Amino acid sequence: MRKKVIAVVVAVAFGAGVGALLGYGPLLKYKTEGVLSMEMGTAEYKRFAELANDTTTVSQYMTVAPPPEVKSENLNRLVRDVARGDWHKPVPKVSRADAKELPDILLQLEQEREKNTERERDRDLNRGREAERKPPVTVYLGLRLTYTAAEPQQVAQVASWLGDYFKDVATREAVREQVSRWTADNRQFSDRALERKLKFEFDIQQAQKRATALKAIVAAYPDAARRDSQQVVDVRKDNEKFMSPMSQLVGAESEIIDIRERLQKLDREIEQQSFVKSLVLEAEAAANKAQSGSDSVRQLSGVITETSKKVKTEAEREKLLSLAADLSQISARFLSQAQFVAKPSVPSQPERPTPRMVIVLGGLLAGFLAAVFLWRRLLIRLLWRDEDEKT
14 MRKKVIAVVV
24 AVAFGAGVGA
34 LLGYGPLLKY
44 KTEGVLSMEM
54 GTAEYKRFAE
64 LANDTTTVSQ
74 YMTVAPPPEV
84 KSENLNRLVR
94 DVARGDWHKP
104 VPKVSRADAK
114 ELPDILLQLE
124 QEREKNTERE
134 RDRDLNRGRE
144 AERKPPVTVY
154 LGLRLTYTAA
164 EPQQVAQVAS
174 WLGDYFKDVA
184 TREAVREQVS
194 RWTADNRQFS
204 DRALERKLKF
214 EFDIQQAQKR
224 ATALKAIVAA
234 YPDAARRDSQ
244 QVVDVRKDNE
254 KFMSPMSQLV
264 GAESEIIDIR
274 ERLQKLDREI
284 EQQSFVKSLV
294 LEAEAAANKA
304 QSGSDSVRQL
314 SGVITETSKK
324 VKTEAEREKL
334 LSLAADLSQI
344 SARFLSQAQF
354 VAKPSVPSQP
364 ERPTPRMVIV
374 LGGLLAGFLA
384 AVFLWRRLLI
394 RLLWRDEDEK
404 T
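Using my numbering, read the sequence shown as starting at 14 and increasing by one per residue.
Here you go:
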């Protein structure tokens with residue numbers, strides 16, 4: 014009996030030793046969290062997340078900005094951790110708990126406002142190249158970043174590095190999308206510019222012919238022209254037949270002035286798009302050559318700076334400043350304004366199960382198995398006795 018008790022004690026000690034090896038070895042994990050402020054729409058977050066979880070993207074960023082305190086043999090593990098995609102979660106503007114606490118009328122007003130903003134944005138984009146491009150409706154306020162590793166100091170540093178990595182991915186994708194938009198606008202404008210110019214010239218010819226005919230009518234009836242003193246606000250095809258010839262003449266002359274103004278704006282746009290055509294091609298090459306998001310911003314800034322030396326007219330300068338403003342907005346949004354509102358901290362306690370828990374569980378499990386093995390015959394007899402008594 015005494016030998017069996019000693020054997021159980023030895024098994025407990027052995028199990029505790031194995032638990033110590035596991036608890037302070039592969040099972041030792043520290044976890045940290047941080048919240049990165051970065052306003053995004055749903056489609057934006059999905060696009061950024063897919064790129065950030067790509068192994069090629071993270072490997073390329075590691076060559077530009079290696080993670081601190083991570084040994085070379087652990088980089089592949091970090092790449093696998095990033096590829097799993099469980100290190101980031103979006104932070105919505107209105108959570109489920111907030112939705113329960115807020116009155117339904119406030120939520121309805123907020124949703125209606127966002128829908129109206131989205132409709133206005135789509136309408137502006139459909140008006141043509143001159144329409145103002147508004148940012149997408151903000152659904153997420155930022156990201157919640159988490160990371161787990163064996164060393165607490167390394168955990169905090171890698172979590173901060175992951176925040177910088179996501180910002181860089183977002184910047185690079187936003188720059189790529191902006192360059193694609195510039196290219197599409199330039200090509201679409203080139204395809205439609207001649208058509209629009211011919212249409213304006215035809216409209217001017219038609220208005221001039223109508224004005225000439227109306228002048229002949231007014232000259233033929235001078236008394237009617239002198240009696241006509243009403244103000245002309247708008248002359249449209251559906252109401253011009255109810256107006257006097259003099260009012261129609263004023264409307265035709267005003268239409269000629271309006272069309273000529275639009276034709277001048279079109280000529281100015283043609284000049285601007287012709288000027289930036291080579292810049293757009295250089296911007297595409299620079300964006301494809303960039304190794305990171307911040308590098309893509311630097312590359313495009315360099316292209317814009319070089320192109321500014323070739324500016325000859327105010328129209329060209331205006332267009333170049335517009336492109337520079339687009340790039341500056343991306344840089345400010347994803348590189349400057351995106352910051353940690355809750356910076357990842359160094360954890361003071363390991364994640365459960367803690368090493369002490371693993372040691373205790375290992376000792377108890379080993380002692381229990383040893384006791385079952387040593388007293389197996391007694392346990393079998395007790396089980397058989399219970400069966401006999403039941404029968």
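Backbone N, C-alpha and C define an ideal beta-carbon position, used for all residues, glycine too.
A quick note: this is a predicted structure, and the numbers were derived from the prediction, not measured.
Pro81 sits exposed, since fewer than 16 C-beta atoms from the chains shown fall within 10 Å of its C-beta. Assignment of Val354 by DSSP, reduced to helix, strand and coil, places it in the strand class.
When the alpha-carbon of Ala220 is set against those of Arg209, Ile230, Ala232 and Glu268, the nearest one is in Glu268.
Within the same chain, Thr184 and Val310 come within 8 Å of Ser344 by CB-CB distance, once the 5 residues on both sides are set aside. Relative to the Cα of Gly28, the nearest Cα in the group Ala384, Thr55 and Leu395 belongs to Ala384. The continuous stretches of alpha helix (DSSP H) do not include Gly98, and DSSP gives it neither H nor E.
Following the DSSP letters along the chain, one finds Leu294 in no beta strand (DSSP E) but inside the alpha helix (DSSP H) bounded by residues Pro258 to Lys302. Counting C-beta atoms within 10 angstroms of its own C-beta, Lys180 has 16 or more neighbours from the protein chains shown and is therefore classed as buried. Beta-bridge pairing by DSSP links Ala162 to Tyr43. CA-to-CA, the gap between Gly376 and Arg394 works out to about 27 Å. By the C-beta criterion, the region 316–333 is judged to be in contact with the region 276–292, since at least 3 inter-stretch pairs fall below 8 Å.
In this structure, the CA atom of Arg389 is about 18 Å from the CA atom of Val23. Nearest in C-alpha terms to Gln350, of all of Asp94, Ser305 and Gly155, is Gly155. Between the beta-carbon of Ala303 and that of Val192 there is about 10 Å, and that puts the pair past the 8 Å contact cut.
By alpha-carbon distance to Ser50, the top candidate from Phe381, Lys356 and Leu391 is Lys356.
From the listed residues Gln166, Asn66, Val48 and Glu208, the smallest Cα separation to Val182 is found for Asn66. Each of Ser307, Leu292 and Thr326 was checked against the Cα of Val316, and the nearest Cα belongs to Leu292.
Boundaries cannot be given for Leu348, as no alpha helix (DSSP H) includes it and DSSP labels it neither H nor E. Lys106 is a Cβ neighbour of Tyr153, given a cutoff of 8 Å.
Less than 8 Å divides the Cβ of Val168 from the Cβ of Lys44.
Taking Glu297 as the centre and dropping the five residues before and after it, the same chain places the C-beta of Val192 and Thr196 closer than 7 Å to its C-beta, in chain order.
Put simply, the backbone Cα of Asn199 is about 23 Å away from that of Arg273. Boundaries of the alpha helix (DSSP H) around Lys59: Thr55 to Ala65. In this chain, Glu86 is not harboured by any alpha helix (DSSP H), its DSSP state being neither H nor E.
In the three-state reduction of the DSSP assignment, Ser305 falls in the coil class. Secondary structure at Val359: coil, using DSSP grouped into helix, strand and coil.
Exclusion of the five residues before and after Tyr178 leaves Tyr74 as the residues of its chain whose Cβ lies within less than 6 Å of its Cβ.
Among the bridge pairs identified by DSSP, Tyr178 is matched with none.
DSSP places Pro81 outside both helix and strand once states are collapsed to three, so it counts as coil.
Going by C-alpha positions, Phe386 is about 10 Å away from Gly380.
Apart from sequence neighbours up to five positions away, the residues of its chain that approach Val289 with a beta-carbon distance below 6 Å are Lys332, ordered along the chain.
With contacts defined as CB atoms closer than 8 Å, Arg157 and Glu46 qualify as a contacting pair. At the C-beta level, Ser305 and Val77 come within 8 Å of one another.
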